[in-house]
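Read in order, the letters of the sequence shown are residues 1 to 344 in the numbering used here.
Have a look at the structure below before the remarks.
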Amino acid sequence: MLMRRKFFTMLTAVCMAAFCSCSFGGRGSENAEKADFFAMDTYMSVTAYGEGAQKAAELAKDEVQRLDKLWSVTDENSEIFAVNGGGEVSVSGETAQLISFMLEMAKRTGGALEPTLYPVVRAWGFTGGENRVPSGEEIQELLKNVGYEKVTVSGNNVTLPSGVMLDTGAVGKGYASDKAAEILKENGVDSALIDLGGNIVMIGRKPDGKEWKIGVRDPEGNGVVGVISASDCAIVTSGVYERNFTAADGTVYGHIIDPKSGAPVDNDILSVTIIASDGRLCDALSTALFVMGKDGAIEHWRTHKDFEMIMLCKDGQAYVTEGIKDRFEADEKHKGMKINVITG
Ligand code: AMP
Ligand code: MG
1 MLMRRKFFTM
11 LTAVCMAAFC
21 SCSFGGRGSE
31 NAEKADFFAM
41 DTYMSVTAYG
51 EGAQKAAELA
61 KDEVQRLDKL
71 WSVTDENSEI
81 FAVNGGGEVS
91 VSGETAQLIS
101 FMLEMAKRTG
111 GALEPTLYPV
121 VRAWGFTGGE
131 NRVPSGEEIQ
141 ELLKNVGYEK
151 VTVSGNNVTL
161 PSGVMLDTGA
171 VGKGYASDKA
181 AEILKENGVD
191 SALIDLGGNI
201 VMIGRKPDGK
211 EWKIGVRDPE
221 GNGVVGVISA
231 SDCAIVTSGV
241 YERNFTAADG
251 TVYGHIIDPK
261 SGAPVDNDIL
271 SVTIIASDGR
281 LCDALSTALF
291 VMGKDGAIEH
301 WRTHKDFEMI
311 MLCKDGQAYV
321 TEGIKDRFEA
331 DEKHKGMKIN
341 VITG
């Protein structure tokens with residue numbers, strides 16, 4: 001059952017890039033070049049340092065905007081829109097790769113990441129339109145068309161049965177952040193911070209040689225609960241506070257849906273932050289592990305161990321995998337928070 005959660009009133013990006021750039025100095029700080037833009041329904045920025053940074057940041061921005069056009073579920077000219085029309089559709093190699101990756105991750109997470117959830121997400125009004133609470137019967141009807149095993153990818157051809165629809169919302173930003181990082185590196189950048197609506201990718205270290213500081217958003221407040229020190233990796237958080245709405249009875253419904261029930265997730269987790277080498281893996285797992293709940297997420301880490309995570313739970317405690325524990329520091333206000341270390 002969904003509970004009243006009036007304390008989830010905050011809507012913002014997750015990992016706060018603002019916390020990454022407070023103490024630049026030394027080599028190249030005067031060459032910081034920033035491209036700010038709006039894409040994939042969120043605010044984004046690419047900050048690059050050193051020679052050629054300005055051109056590289058612009059090219060990275062162009063790449064993300066190009067992928068947005070390709071993968072938008074609502075843009076009639078996008079490849080995902082064409083695929084969602086049903087039947088066999090030929091798409092670009094990168095779209096076929098994105099869909100294959102989503103299917104792979106759906107399988108790996110036992111369907112917690114469910115790329116075909118779009119009709120249900122849309123019924124709750126999370127992609128365009130008005131937020132509303134669909135009836136149980138409506139959800140059951142829509143769930144008949146949900147199931148990643150209904151999707152076939154053969155080369156660049158994607159086939160969906162009529163009524164089945166893909167949603168790239170849980171993975172697209174992470175995938176795009178990896179592509180943006182590739183563009184920056186190809187253009188000679190060895191120090192950059194990409195923030196695609198809270199999907200963070202760091203290239204190298206800060207220009208002064210120090211690690212980046214990435215804030216982990218307080219899911220129940222305005223600031224952060226602490227900071228992760230990291231370099232050359234990706235960090236992505238999923239949380240109910242990112243996007244939600246309050247129904248007439250005061251219930252707060254978040255944008256991450258449990259594919260089993262078709263209703264917004266309401267479990268023991270407030271937010272999940274994933275740290276790994278790829279943005280796409282982080283993005284897929286942050287959404288999926290949020291669906292799984294604390295125990296499922298811990299089990300998933302113990303099975304795969306190709307990522308680190310920080311879970312903030314409703315019990316007021318943090319659960320942190322052993323590989324990241326020394327890199328995470330709670331801020332003054334959260335020094336008293338119990339941090340449980342997850343071991344293998
Ligand atoms: P994220 O912010 O990366 O956690 O992704 C959330 C977005 O993915 C939502 O806004 C929906 O568009 C979509 N979504 C919601 N629930 C799921 C799910 N269980 N599996 C896949 N995509 C989902
Ligand atoms: Mg995600």
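Note that beta-carbon positions come from the ideal geometry of N, C-alpha and C, so glycine has one too.
Reference residue i; option with closest CA among the options
i: T47; options: K34, D218, S90, G204; result: K34
i: L281; options: H255, E308, G296, V265; result: E308
i: F37; options: N131, E58, A53, G50; result: E58
i: K150; options: G111, M311, N187; result: G111
i: N222; options: G50, N84, K333; result: K333
i: R217; options: G239, V158, G204; result: G239
i: Y253; options: P134, V225, A82; result: P134
i: I200; options: D178, E130, A234; result: A234
i: T303; options: K179, G136, G125, I342; result: I342
i: W71; options: V120, A176, R132, K61; result: A176
i: N131; options: E137, E141, V120; result: V120
i: I139; options: W124, Y148, I310, G147; result: W124
i: I324; options: S231, V171, E186, V64; result: S231
i: V171; options: K179, L196, M102, S45; result: M102
i: Y49; options: N31, K55, R66; result: N31
i: S154; options: A96, D68, A106; result: A96
Heavy atom of the ligand AMP within 8 Å of residue i beta-carbon
i: P243; result: The sequence shown places Arg at residue 243, rather than the Pro named in the question. True, at least one ligand heavy atom lies under 8 Å from that Cβ.
i: K173; result: yes
i: S78; result: no
i: A297; result: no
i: L113; result: yes
i: I256; result: yes
i: P259; result: yes
i: D178; result: no
i: T273; result: no
i: S162; result: no
i: S135; result: no
i: G169; result: yes
i: V64; result: no
i: D278; result: no
i: A290; result: Note on residue identity: the sequence assigns Phe, not Ala, to residue 290. Flag set: Cβ of F290 near the ligand AMP.
i: V225; result: no
Counted within 10 angstroms of its Cβ, other Cβ atoms place residue i as buried (16 or more) or exposed
i: E114; result: buried
i: G215; result: buried
i: K206; result: buried
i: G336; result: exposed
i: K173; result: buried
i: T321; result: buried
i: C22; result: Low confidence applies to C22: its pLDDT is 30, below 50, so where it sits in the model is not reliable, and the reading given next is rough at best. It counts as exposed.
i: V224; result: buried
i: V265; result: buried
i: P161; result: exposed
i: G25; result: Below a pLDDT of 50, predicted positions are generally treated as unreliable, and G25, at 34, falls in that range; no measurement from the model is reported.
i: A39; result: buried
i: K61; result: buried
i: A248; result: exposed
i: G344; result: exposed
i: D268; result: exposed
i: D306; result: exposed
i: E79; result: buried
i: E76; result: exposed
i: D278; result: buried
i: T152; result: exposed
i: G262; result: buried
i: E137; result: exposed
i: K294; result: buried
Whole-angstrom C-beta distance between residue j and residue i, which should lie under 8 Å
i: T127; j: V73; result: 6 Å
i: T246; j: G198; result: With a Cβ gap of about 21 Å, T246 and G198 do not count as contacting.
i: L117; j: I274; result: That belief does not hold up - the Cβ atoms of L117 and I274 are roughly 19 Å apart, past 8 Å.
i: W212; j: L193; result: 6 Å
i: I228; j: R327; result: 6 Å
i: N84; j: L166; result: 6 Å
i: T168; j: L98; result: 7 Å
i: L270; j: C313; result: 6 Å
i: K352; j: E63; result: A question about residue 352 goes unanswered here, because the residues of the chain that appear run from 1 up to 344.
Distance cut-off 8 Å: residue i Cβ against heavy atoms of the ligand MG
i: V346; result: Past the boundaries of the shown model lies residue 346; the chain is included only from 1 to 344, so the question cannot be answered.
i: V236; result: yes
i: T127; result: no
i: S286; result: yes
i: D195; result: no
i: D283; result: yes
Any non-hydrogen atom of the ligand COA closer than 8 Å to residue i Cβ
i: L117; result: Summarising the ligand content, the structure contains the ligand AMP and the ligand MG and does not contain the ligand COA.
Please specify which runs of the beta strand (DSSP E), each continuous and at least 3 residues long, are wholly inside the stretch 262-325, giving them in chain order.
269-276, 308-313, 318-321
Can you give, in chain order, each stretch of the beta strand (DSSP E) that sits fully within the stretch 121-209 and has at least 3 residues?
152-154, 157-160, 192-196, 199-203
Continuous beta strand (DSSP E) assignments of at least 3 residues falling wholly in the stretch 226-266:
234-239, 244-246, 252-254
Go through the stretch 44-99 residue by residue and report every complete run of the alpha helix (DSSP H) that reaches 4 residues or more, in order.
53-71, 79-83
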